[in-house]
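Colleague: Input: one structure, supplied below.
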Amino acid sequence: MKTLIENGTVITHAGRMAADLLIDGETVVGIAARGSHGWTAERAIDASGRYVLPGGVDVHTHMELPFGGTFASDDFESGTRAAAWGGTTTILDFALQTIGEPMMAGYEAWREKSDGNCAIDYGFHMIVSDVNEQTLKEMDILMGEGVTSFKLFMAYPGVLYSDDGQIFMAMQKAAENGATIMMHAENGIVIDVLREQAIKRGETDPIYHAVTRPPITEAEATHRAIAYAELAGCPLYVVHMSADEAVAEVALARDRGLNVFGETCPQYLYLDWDNLREPDFDGAKYVCSTPVRDREAGHQEALWKYLATNDLQVISTDHCPFCMNDHPTLGTQKRLGEGDFTKIPNGLPGVEERMRLIYDGAVSDGRMSLERFVEVCSATPAKMFGMYPKKGTIAVGSDADIVIWNPDTESVMSVDVNHMDVDYSAYEGKTVQGKIEMVLSRGRVLIEGDTYHGSTGDGDFIARDTNQYLI
Ligand code: URP
Ligand code: ZN
Ligand code: ZN
């Protein structure tokens, strides 16, 4: 089946062009100046006045993640369907090793949860919770499976935390086998002291989640992770960065020519302590780690600047939803922390909202070009994690993962129109410029106006290559 997308403006990270696209089956087979070809197709899509963008690539999601005694409320079926509604056609999620168990058991469990259940293409990073001799060998095995990135935690002592020696050993292994180390960079040991002291003082509200994770705990851990990665000689990708001081460490490392990269997320660009202070425990909706920061301290504008200077290269979501009041099987998840902020499950929803939020704040508000928007939301994440040019761009031979975007229409963020399996939107009522009118995944139309044509199991597992963004 051939599909022709005509009369649109095709945008990639490399430029824009008034061009028609020919898709044959799952693949883009032709891009030609408007009217310069004689292509015919079974299906023609008129994209007049629209942008034709590569599908979004969200390299940081947590469907069904076990956390704090509960599970992230989106499973692979609901979460990937919501991603498609939001113009994202590829996700990378995190398989989790249980402490004391082989890493492969965690990987296989996550493959089982996801295979046959995803609406869009997906792959995995591996969370290493227990670095030991066997785990290091399993890193090699996973590389052969197309799992080429491993996340370690400097936070959450006793749960996901690795000590410095364990981190360094995993980094040495990554230097040897070509993996990228992803780091949750917060000094969890110091943070645990601050949390305990806060609770003893009766400081139990959601805002204290952020107060007890000050920017210096992110900056110090980022600095340390960079030092170890430099010594080991592996690429380092610091996830969900929110503090100006921490990204400054990434910028310094990059200035020294190191393969050090940084990711931020919409919550750090839009949300702040005022959200955490919302009354009636509503602040819990915004509890995630690293925390959203104090707007007055200038972190948000600093992050936008680092995105402009390519000191931050990727915007992902860290989608990890937990319900406030209303989930049929999981209950009132965020309320586990009522009266004690340390028990609030960390994470918030976003996989459906990222593309529109970033288009609005970046392109409409004049902070980024359209090309840079595509670069940080699609092309660079695909390169960083070994999926380019199959994913992340529109080129002859690429997967036909396409979003048709109307720049002249607004949309409103709301739980009432979202498709994520969670009972709130962190951006409730926010009006953004731009509307997603059509989404194709490998040539299949998933979204057409208000209609969903996808089905469970449409998505394929992606066995990834190694990092294609290295210096
Ligand atoms: O708060 C967050 N970020 N939850 C998800 C787990 C993680 O650390 O990425
Ligand atoms: Zn993390
Ligand atoms: Zn995460």
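Going by this note's numbering, the first residue of the sequence shown is number 6, and it counts up by one from there.
Backbone N, C-alpha and C fix where the C-beta goes; we use that ideal spot for every residue, glycine too.
Just so you know, these numbers come straight off a predicted model, no measurement behind them.
1. How would the residue list near ligand 2 read, in chain order, if you kept each one whose beta-carbon is closer than 6 Å to any heavy atom?
2. Along the chain, where does the alpha helix (DSSP H) containing Q438 start, and where does it finish?
3. Is S247 a contact residue of ligand 1, with contact defined as CB to any heavy atom under 7 Å?
4. To the nearest angstrom, how far is the alpha carbon of I409 from that of A179?
5. Is H65 a contact residue of ligand 3, with contact defined as CB to any heavy atom under 7 Å?
6. Of the choices L362, I399, R377, T414, whose alpha-carbon is the least far from that of K435?
7. Closest by CA to G462, which one among E358, R377, A468, S446?
8. Is it the case that the Cβ atoms of H332 and S167 are separated by a distance below 8 Å?
9. State the DSSP-derived secondary structure class of T385, mapped to helix, strand or coil.
10. Closer than 7 Å by C-beta to E433: which residues in its own chain qualify, once you throw out the five before and the five after it? Chain order, please.
11. Within the segment 266-321, note down every full alpha helix (DSSP H) run reaching 4 residues or more, in order along the chain.
12. Can you check whether the CB of S383 is closer than 8 Å to the CB of G20?
13. Let me know the secondary structure DSSP gives T471 once reduced to three states.
14. Tell me whether the segment 80-87 and the segment 365-379 touch, counting them as touching only if at least three CB pairs, one residue from each stretch, are closer than 8 Å.
15. Hey, would you say the C-beta of D210 is under 7 Å away from at least one heavy atom of ligand 3?
16. Run through the segment 72-129 for me and flag every whole alpha helix (DSSP H) of 4 or more residues, listed as ranges in chain order.
17. Could you spell out the range, first to last residue, of the beta strand (DSSP E) harbouring E11?
18. Name the DSSP beta bridge partners of N411, please?
19. Does any heavy atom of ligand 1 sit closer than 7 Å to the C-beta of G352?
20. Across the segment 153-173 and the segment 188-198, are there enough close Cβ pairs to call them in contact, namely three or more that are closer than 8 Å?
21. Would the beta-carbon of D323 be found less than 7 Å away from any heavy atom of ligand 1?
22. Quick check: V64 and V381, are their CB atoms within less than 8 Å of each other?
23. Using only the alpha-carbon positions, how far apart do A3 and I231 sit?
24. So, is K156 buried or exposed, given that buried needs 16 or more other C-beta atoms within 10 angstroms?
25. Helix, strand or coil for D249 per DSSP?
26. Identify, in the order they occur along the chain, each residue of the same chain with its Cβ nearer than 7 Å to the Cβ of G30, setting aside the five sequence neighbours on each side.
27. Based on DSSP bridge pairs, tell me the residues matched to F155.
28. Taking C-beta to C-beta, are V57 and T8 nearer than 8 Å?
29. Is the segment 454-461 in contact with the segment 384-396, if contact means three or more CB pairs nearer than 8 Å?
30. Within 10 angstroms of the Cβ of A38, are there 16 or more other Cβ atoms? Answer buried if so, exposed if not.
31. Per DSSP, which residues does S416 bridge with? Please list them.
32. Taking R469 as the reference, which of D98, D260, T269 has the closest Cα?
33. Evaluate T222 with the Cβ neighbour count: other Cβ atoms within 10 Å of its Cβ, from every protein chain shown; 16 or more gives buried, anything less gives exposed.
Modeller: Quick look at the numbers:
1. With the criterion CB distance below 6 Å from any heavy atom of ligand 2, the matching residues run H189, V244, H245 along the chain.
2. Unbroken run through Q438 is the beta strand (DSSP E), 436-446; no alpha helix (DSSP H).
3. No, since every heavy atom of ligand 1 falls outside the 7 Å radius drawn around the Cβ of S247.
4. Roughly 38 Å between the two C-alpha positions.
5. Yes - ligand 3 has a heavy atom lying nearer than 7 Å to the Cβ of H65.
6. Nearest option by C-alpha distance: L362.
7. Considering only alpha carbons, the answer is S446.
8. S167 sits away from H332, with the two beta carbons spaced by 8 Å or more.
9. Taken through DSSP and simplified to helix, strand or coil, T385 comes out as helix.
10. So the list reads M418, S419, V420, once near-sequence residues are dropped.
11. Listed in chain order, the complete alpha helix (DSSP H) runs (minimum 4 residues) inside the segment 266-321 are 271-275, 278-281, 304-313.
12. Contact: no.
13. Correct three-state label for T471: coil.
14. Counting Cβ pairs under 8 Å, fewer than three are found: no touch.
15. No.
16. Entirely contained in the segment 72-129, the alpha helix (DSSP H) runs reaching 4 residues are, in chain order, 81-90, 108-119.
17. Counting along the chain, the beta strand (DSSP E) containing E11 begins and ends at 7-17.
18. Per DSSP, K440.
19. G352 Cβ: within cutoff of ligand 1.
20. Put simply, the segment 153-173 touches the segment 188-198. At least three CB pairs are less than 8 Å apart.
21. Within the cutoff, so yes.
22. It is not a contact, given that the beta carbons lie outside the stated cut-off.
23. With the chain represented from 6 up to 476, any question about residue 3 goes unanswered, as that position is not in the structure.
24. Its Cβ being crowded by 16 or more others within 10 Å, K156 is buried.
25. Residue state, collapsed to three classes: helix.
26. Within the same chain, G30 has close Cβ partners M6, G448.
27. Answer is M131, I186, bridged to F155.
28. 8 Å or more divides the Cβ of V57 from the Cβ of T8.
29. Three or more beta-carbon pairs separated by less than 8 Å are not found between the segment 454-461 and the segment 384-396, which leaves the two stretches without contact.
30. Looking at its Cβ environment, which holds fewer than 16 other Cβ atoms inside 10 Å, A38 is exposed.
31. According to DSSP, which records beta bridges pairwise, S416 is partnered with V437.
32. Comparing alpha carbon positions, the residue from D98, D260, T269 closest to R469 is D98.
33. In the assembly as shown, T222 is a buried residue. Its beta-carbon has 16 or more other beta-carbons within 10 Å.
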